Amino acid sequence: MVYAMAALFLVVGLVAGVIGSIAGLGGGMFFVPALLYFANAYEPGSVSPQVAAGTSLLVIGVTALSSSISYIRQKKADVQTALLFFLGSAPGAVAGVYLNTLLPVKTFSLLFGLFQLGMFALMMVKDKIKPRNLSWDVKRRFVDPDGVEYEYGYKRWAAVAIAFLVGVVSSLFGVGGGLLMVPAMIVLFRFPPHIATATSMLVILFSAAVGSATNILHDHVHWLFAAMLAPGAWIGGNLGAALAARLKGKTIVLLLRVLILGVGIQMIGEAI
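All the letters of the sequence shown, read from the start, carry residue numbers 209 to 480 under our numbering.
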């Protein structure tokens, strides 16, 4: 049974790592349901919502590290901007862990399901939202491998505020938060999509590290299941970063929407 669980979690980690890396998400939308359903089926009562979120966030850190190394080598990640966002995401990550400890199982399932449906709705409309022309106090330029130059920027206070929210959501639900971060970067700050994705993964790495340290202090990590998920997440993160340069990802995004909708409805159904 343990080998079957290890094989299943290897596949879950791989799929979540690939899709999370391509879309800049982190993969927690797969890890948390897998831990709540499969892990508890294997070892009943072993994974509470707090442990699911904590273990997921730790594995997300593995995915984000793998992806970020690849993106930095490709010179797509804006490291300076990621560090600024981290100023907001770090305290948000700590706050999210403490909020998570207050949630009973059914409340967590309901809120996570509603969060999934919210993310599904955001994915449906984000491509239709036009970038805003806002004044910036930081301006950045990026030249892609084809020689195309992009200009983007942000207000520092807005960047830190959004990052704080992402940090809270990340630790509260054990997700990366990239589905909030990436659209904000593109719509509000006019980031090129590939730079937004790469930079988002770097921010996720930083906030996951802080959130995971806090979770470990609260004993909210199941180390065996984390070890089962981590190898697939590492390979998937590398593979996703490589594929991101070659794929438009429409089929993957469509599949992701269906999965998010299905998981969201199922978790709400269990909570009601």
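Note that beta-carbon positions come from the ideal geometry of N, C-alpha and C, so glycine has one too. From a predicted model like this one, the values you see are computed outputs, not experimental measurements.
A check of alpha carbon separations from Ser276 across Trp431, Ile473, Ile403, Ala421 identifies Ile403 as the nearest. Residue burial is scored here from C-beta neighbours: Val255 has at least 16 other C-beta atoms within 10 angstroms and is therefore classed as buried. The alpha-carbon separation between Phe323 and Ser297 amounts to approximately 19 Å. For Arg465, the three-state secondary structure derived from DSSP is helix.
Here Gly472 really is in contact with Leu325; their C-beta atoms are around 4 Å apart, less than 8 Å. Secondary structure in the region 412–439: no alpha helix (DSSP H) run of 4 residues or longer lies completely within the stretch. Non-local C-beta neighbours of Leu273 in its own chain, meaning closer than 6 Å and more than five positions away in sequence, comprise Leu413, ordered along the chain. Spanning the alpha carbons of Lys347 and Glu359 requires a straight line of approximately 7 Å. Within the same chain, and ignoring the five residues on either side of Ala417 in sequence, the residues whose Cβ sits closer than 8 Å to its Cβ are Gly269.
Taken in chain order, the unbroken stretches of alpha helix (DSSP H) that lie wholly in the region 296–362 and span 4 residues or more are 313–333. Rounded to the nearest angstrom, the Cβ distance from Gly304 to Leu437 is 20 Å, too far for a contact under 8 Å. If you look at Ser379, you'll find it in the alpha helix (DSSP H) that goes 364–381. Per DSSP, reduced to three states, the secondary structure at Gln288 is helical.
Measuring C-alpha to C-alpha distances from Thr315 to each of Pro401, Ala371, Pro257 identifies Pro257 as the nearest. Looking at Trp442, Pro299, Ile370, Leu244, the one whose alpha-carbon comes closest to that of Thr263 is Leu244. Non-local beta-carbon contacts of Gly321 in its own chain, meaning distances under 6 Å to residues more than five positions away in sequence, involve Gly472, Met475, Ile476 in chain order. Where Ser275 is concerned, the enclosing alpha helix (DSSP H) starts and stops at 257–281. Close CB contacts of Phe399 within its chain, under the 6 Å cut and outside five residues either way in sequence, are with Tyr360, Met393 (chain order).
In this structure, DSSP gives Gly235 a state outside helix and strand, which the three-state scheme calls coil.
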